[in-house]
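Novice:
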Amino acid sequence: MRSVAQVVRARARCGTLPRSGHRIDFAAFAAISRPQQLHRHRKRLEGFGKDVAAGDAKVSMKGDETQLSLLYTALEDEDIFVREAAVDAVVQVAHPQDPLALSKVSVSLSDEDCFVRTRAVVALGSLGQVGDQQLVGLLMDMLEDGFVPVRKRAIEALSRLSNDESVLERLRTVSSRDTDRGVREEAKKALAR
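The numbers in our numbering rise by one with no breaks, and the one at position 106 of the sequence shown is 194.
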């Protein structure tokens, strides 16, 4: 005997419910799931950076090319959660300042998902070499992102990677003109260091 859920899924292709003959209103289902989707994103935002305590993740071999090639493929996965996890894992597996890892992760800065972009900024801040002007330029571009955590993490990464006068001037501008108070405060903290 099939469950009701199985029957509904089987009949969803034709757009009718079993026995009743009622049409399925897919727009109503989408409207119902939208608040759930927003709730899921809110929960992800609240938990950002609290995933794993430092040192808890186990990596078999730092710099393992096989693992890294699999992770680079996962960076392009259609599932946003897979892409997020892949960015985090690249940081764990790649050697600091690995040019290929930096290149692959920097592509994630243009990801459609704001959480993937945030994790990519954090990853570049961790993997990048102090004074790398190309990387600093990419991170300075992220100060214009529409998602507040991306801008905050970009400020943190920039303060770690550069003390260049152009970066300090940009942080001064952000500290006075950004639309979000938290971003302005983060920029002020970075300038005070």
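We put the CB at the ideal spot given by N, CA and C, even for glycine.
Would you kindly work out how many angstroms separate the C-alpha atoms of GLY156 and VAL170, rounded to a whole number?
Specialist: Position 68 of the sequence shown, counting from 1, holds the residue named residue 156. Position 82 of the sequence shown, counting from 1, holds the residue named residue 170. Per the sequence shown, residue 156 should be read as Leu rather than Gly. When rounded, the distance between both Cα atoms is 14 Å.
Novice: With a cut-off of 8 Å on the beta carbons, I'd call GLY216 and LEU249 a contact; round off their distance for me.
Specialist: The residue given as residue 216 occupies position 128 in the sequence shown. The residue given as residue 249 occupies position 161 in the sequence shown. About 5 Å; that satisfies the 8 Å criterion.
Novice: Could you pull out every residue in the same chain whose Cβ sits closer than 8 Å to the Cβ of ALA275, ignoring the five residues on either side in sequence?
Specialist: For the purposes of this step, residue 275 is identified with residue 187 of the sequence shown, where counting begins at 1. Counting only Cβ-Cβ distances below 8 Å, and skipping sequence neighbours, we find ILE243, LEU259, ARG260, VAL262, SER263 and ASP266.
Novice: Do you know whose CA, among SER194, PRO184 and ALA245, lies nearest TYR160's CA?
Specialist: As a first step, residue 160 must be located in the sequence shown, where it is residue number 72. Comparing Cα-Cα distances from TYR160 to each of SER194, PRO184 and ALA245, the minimum goes to SER194.
Novice: Alpha carbon to alpha carbon, how far is GLN222 from GLU164?
Specialist: For the purposes of this step, residue 222 is taken as the residue at position 134 of the sequence shown. For the purposes of this step, residue 164 is taken as the residue at position 76 of the sequence shown. Their backbone Cα atoms lie some 22 Å apart in a straight line.
Novice: Could you spell out where the alpha helix (DSSP H) holding SER194 opens and where it closes?
Specialist: Indexing the sequence shown from 1 puts residue 194 at position 106. Element bounds for SER194: 187-195.
Novice: How would you call GLU166, buried or exposed, if buried means at least 16 neighbouring beta carbons within 10 angstroms?
Specialist: Against the sequence shown, residue 166 aligns to sequence position 78. It counts as exposed.
Novice: With DSSP run on the structure shown, which of helix, strand or coil describes PRO237?
Specialist: In the sequence shown, residue 237 corresponds to position 149, counting from 1. Looking at PRO237 - three-state DSSP - the assignment turns out to be helix.
Novice: Please check the pair MET230 and VAL209, which I expect to be a contact at CB under 8 Å, by giving their CB distance rounded to whole angstroms.
Specialist: On the sequence shown, position 142 is the one that residue 230 refers to. On the sequence shown, position 121 is the one that residue 209 refers to. With a Cβ gap of about 6 Å, MET230 and VAL209 count as contacting.
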